[in-house]
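There are 2 protein chains.
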Amino acid sequence: MKRDVVLQCPLPIDSKDTIQLAHGGGGRQMRSLIERLFMPAFANQALETRHDAAVLDVAGRIGFTTDSYVVNPLFFPGGDIGKLAVCGTVNDLAMAGAQAAFLSAGFILEEGFPIEQLQKIVASMRDAASEAGVQLVTGDTKVVDHGKADGVFINTAGIGIAAHGVEIAPRCVRSGDAIILNGDIGRHGIAVMSMREGLEFESQIVSDCASLAQPVARLLDAGIEVHCMRDLTRGGLASALIEIAIDGRVGIEVGEERIAVSEPVRAACEILGLDPLYVANEGRFIAIVPERERDRAVNILRAFNEFAACIGEVRNMEPGRVSIRSQFGTARELDLLSGEQLPRIC
Amino acid sequence: MKRDVVLQCPLPIDSKDTIQLAHGGGGRQMRSLIERLFMPAFANQALETRHDAAVLDVAGRIGFTTDSYVVNPLFFPGGDIGKLAVCGTVNDLAMAGAQAAFLSAGFILEEGFPIEQLQKIVASMRDAASEAGVQLVTGDTKVVDHGKADGVFINTAGIGIAAHGVEIAPRCVRSGDAIILNGDIGRHGIAVMSMREGLEFESQIVSDCASLAQPVARLLDAGIEVHCMRDLTRGGLASALIEIAIDGRVGIEVGEERIAVSEPVRAACEILGLDPLYVANEGRFIAIVPERERDRAVNILRAFNEFAACIGEVRNMEPGRVSIRSQFGTARELDLLSGEQLPRIC
Chain Z
5 MKRDVVLQCP LPIDSKDTIQ LAHGGGGRQM RSLIERLFMP AFANQALETR HDAAVLDVAG
65 RIGFTTDSYV VNPLFFPGGD IGKLAVCGTV NDLAMAGAQA AFLSAGFILE EGFPIEQLQK
125 IVASMRDAAS EAGVQLVTGD TKVVDHGKAD GVFINTAGIG IAAHGVEIAP RCVRSGDAII
185 LNGDIGRHGI AVMSMREGLE FESQIVSDCA SLAQPVARLL DAGIEVHCMR DLTRGGLASA
245 LIEIAIDGRV GIEVGEERIA VSEPVRAACE ILGLDPLYVA NEGRFIAIVP ERERDRAVNI
305 LRAFNEFAAC IGEVRNMEPG RVSIRSQFGT ARELDLLSGE QLPRIC
Chain A
5 MKRDVVLQCP LPIDSKDTIQ LAHGGGGRQM RSLIERLFMP AFANQALETR HDAAVLDVAG
65 RIGFTTDSYV VNPLFFPGGD IGKLAVCGTV NDLAMAGAQA AFLSAGFILE EGFPIEQLQK
125 IVASMRDAAS EAGVQLVTGD TKVVDHGKAD GVFINTAGIG IAAHGVEIAP RCVRSGDAII
185 LNGDIGRHGI AVMSMREGLE FESQIVSDCA SLAQPVARLL DAGIEVHCMR DLTRGGLASA
245 LIEIAIDGRV GIEVGEERIA VSEPVRAACE ILGLDPLYVA NEGRFIAIVP ERERDRAVNI
305 LRAFNEFAAC IGEVRNMEPG RVSIRSQFGT ARELDLLSGE QLPRIC
């Protein structure tokens, strides 16, 4: 092939082809994948330099986080691994009060993976990034032999700008604080689970997978003194509450009837023997705020989801203890599960 | 188990155990892995907040990069996947003129992976991070079912401080610039390959895997006007030269006899039918500098490796063309390989 052909026209990528080891080999095939598939989706100035690292201008305090995504199946009602990989990392930044600005993406592809599926996933990432106002500025692709991965794994790391000076962390939580939940729980886990197991329920359950950048920005812009936030991914609401109670050395009391669970999710959980409190979400979080800010915080989050509500309070009791009251007044203690009810949910 | 036991003493981790799905499940087992294995290795203030994202103070221009590591085998002469995952990302930052400051780490573990091996890998990461002066401030662990990964994959993303105002990128390269290589090539690829294939050579070939933070810092601190740098990983020296020639729209001419290849590597390459110019390195890079800075740059890099040398020049010829002259005066053109001679080398 003539040099100028290589220069201007990397080999075309055919949607009907599959990923080969050579696509991760640092040669012409990898260059094609980058120039033909990744660059058109994510084009921006930093990527355009085509260098080993993006050089960015930032100022002050930043948030920095990472997550790898291994969800199975790759596509599910309400999203796919690409949307998840962008929203999940945007959300982790949001939980630290940082507005996501820049993402990296590391792909581990299994030899034989259909290019067409990769194109769909990359398009989802592009859309989710654009919606969350974040730029994907640097990336990496590795290919492993057939049978040594499971289609595609994606890692994203993110940098966010922490413009608000407030410290947001478990140690900032105080007795009397209100715990606000931004919507109904359990949808992501059940959507993925039912897809994986081929279960059909009366009404399709759609994942809540979404960026939390906006609701969080609205809370902070309104000057709400947020003490802690956490998104309710692996381990669900219960695990998030317990972790904060342990790390913040506080007790927590929540009311079961104040936690919204949709009828289809409740029914599915009953059939599957799952507790919705432990099922993973990808667009749900709790914000822990001083009691005096409770109603204002709930109102802000209701504009995004009608089921946003205050579900409980931080209590001056045994550190690490999370207690849940049923509508009949009985209380039980929540405990960390040993593992997870549903593996590979994100 | 009593709450305060969970609080103060996460379940112990036994080196003789193996990774279970539950270690990635967001419950008690994952907490043990974090508190007992990761935290002791990487302890620092940002990690101590135990939050979804690290909050860091940075100012000005930063470099941001990511790489996933899928090297096979995980342990090889001169390093392992952990050392590689730290050095590789530190080096990508260095190539953009950024001094690595903060790393994230995302682990994808295969069910059944021995805890003892994970402990070794994490210890390597700790040592490499400490040597490179970088803090691991945020992380993530996923576990996939047995047979759906290959032991462990690690992604690291890195943030570096670009203190020197110089732009370092392919587009800054100018005709007449000198190309400096910091040592002999081919050792990493051959070390991994011989380990994987169970080959034994007369003398053991040890990977060059190392942090490039120091040599690069010395170049920049000395005020050398570095136009471009690139580390010679997948695709080796040849691919790095070609990519820079394409992206910088310049031609490049190098002299074969000026490129150091150790005798054992040369012999192994001959036996294996490999071209050392295309074999991956993990501690080698080229710096492209104005001709007048050539000798100063070579001298600085010689302090780190006696084989550092000027290997060629940027030429005003067909953009993207890389030509190599043999010691007999004949010239041949280098081309991007389709894939890679050696898959899963990093």
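In order, the protein sequences belong to chains Z and A.
All letters in the first sequence, in the order written, are residues 5 to 350 by the working numbering.
All letters in the second sequence, in the order written, are residues 5 to 350 by the working numbering.
All residues carry an ideal CB built from backbone N, CA and C; glycine is no exception.
- Nearest CB-CB separation between A/Leu97 and chain Z: below the 8 angstroms threshold.
- For A/Leu25, at least one C-beta of chain Z is nearer than 8 angstroms to its own C-beta.
- Under the 8 angstroms criterion on CB atoms, Z/His231 is classed as non-interfacial with respect to chain A.
- At least 8 angstroms separates the CB of Z/Phe79 from every CB of chain A.
- Non-local C-beta neighbours of A/Tyr73 in its own chain, meaning closer than 8 angstroms and more than five positions away in sequence, comprise Ile85, Leu88, Ala89, Gly92, Phe157, Ile158, Asn159, Thr160, Cys350, ordered along the chain.
- Closer than 8 angstroms to the CB of A/Phe42 there is not a single CB belonging to chain Z.
- Using a Cβ-Cβ distance cut-off of 8 angstroms, the stretch 172-184 of chain Z and the stretch 124-144 of chain Z are not in contact, since fewer than three pairs of beta carbons, one from each stretch, lie closer than that value.
- Z/Met233 carries a strand assignment under DSSP once its states are collapsed to helix, strand and coil.
- Per the C-alpha coordinates, the member of A/Glu135, A/Glu52, A/Gly343, A/Ile256 positioned closest to A/Cys213 is A/Glu135.
- In the three-state reduction of the DSSP assignment, A/Pro44 falls in the helix class, which pools H, G and I.
- For A/Lys146, the nearest CB of chain Z lies under 8 angstroms from its own CB, placing it at the interface with that chain.
- The C-beta of A/Ala133 comes no closer than 8 angstroms to any C-beta of chain Z.
- With respect to the 8 angstroms criterion, A/Asn285 and A/Gly190 are classified as neighbours on the basis of their beta carbons.
- Taken in chain order, the whole beta strand (DSSP E) runs of length 3 or more contained in the stretch 88-158 of chain Z are 103-114, 139-148.
- A/Ile256 is positioned such that its CB atom lies closer than 8 angstroms to that of A/Arg319.
- Of all alpha-carbon atoms in A/Pro16, A/Ile17, A/Pro14, A/Leu25, the one lying nearest the alpha-carbon of Z/Leu346 is that of A/Leu25.
- With 16 or more other Cβ atoms inside 10 Å of its own Cβ, Z/Pro219 counts as buried.
- Comparing C-alpha distances from Z/Lys152 to each of Z/Gln123, Z/Ala166, Z/Phe117 shows the shortest one belongs to Z/Phe117.
- In the same chain as Z/Glu120, and ignoring 5 residues on each side of it, the C-beta atoms closer than 8 angstroms to its own belong to Ser19, Lys20, in chain order.
- Residue ranges of uninterrupted beta strand (DSSP E) with 3 or more members, entirely inside the stretch 210-261 of chain A and ordered along the chain, are 232-235, 255-259.
- Going by DSSP, A/Asp71 is part of the beta strand (DSSP E) stretching over 58-73.
- Shown here for A/Leu15: same chain residues with a beta carbon closer than 6 angstroms to its own, the five before and five after excluded, namely Ser36 in chain order.
- At a cut-off of 8 angstroms between beta-carbon atoms, Z/Arg238 makes contact with chain A.
- Interface criterion not met: the Cβ of Z/Lys20 is under 8 angstroms from no Cβ in chain A.
- A distance of 8 angstroms or more separates the beta carbons of A/Gly169 and A/Thr69.
- A straight line joining the alpha-carbon of A/Gly67 with that of A/Gly252 spans about 20 angstroms.
- Around the beta carbon of A/Asp225, fewer than 16 other beta carbons lie within 10 angstroms, which makes this residue exposed.
- When beta bridges are read from the DSSP output, A/Val265 appears opposite no residue.
- Identification of chain Z residues near A/Gly86 by a Cβ-Cβ cut-off of 7 angstroms yields none; the smallest Cβ-Cβ distance measures about 16 angstroms.
- A distance below 6 angstroms between beta-carbons, with the five flanking residues on each side excluded, links Z/Arg65 to the following residues of its chain, in chain order: Ala166.
- Under the Cβ criterion of 8 angstroms, Z/Gln33 is counted among the residues facing chain A.
- For Z/Arg336, the beta-bridge partners assigned by DSSP are Z/Ile328.
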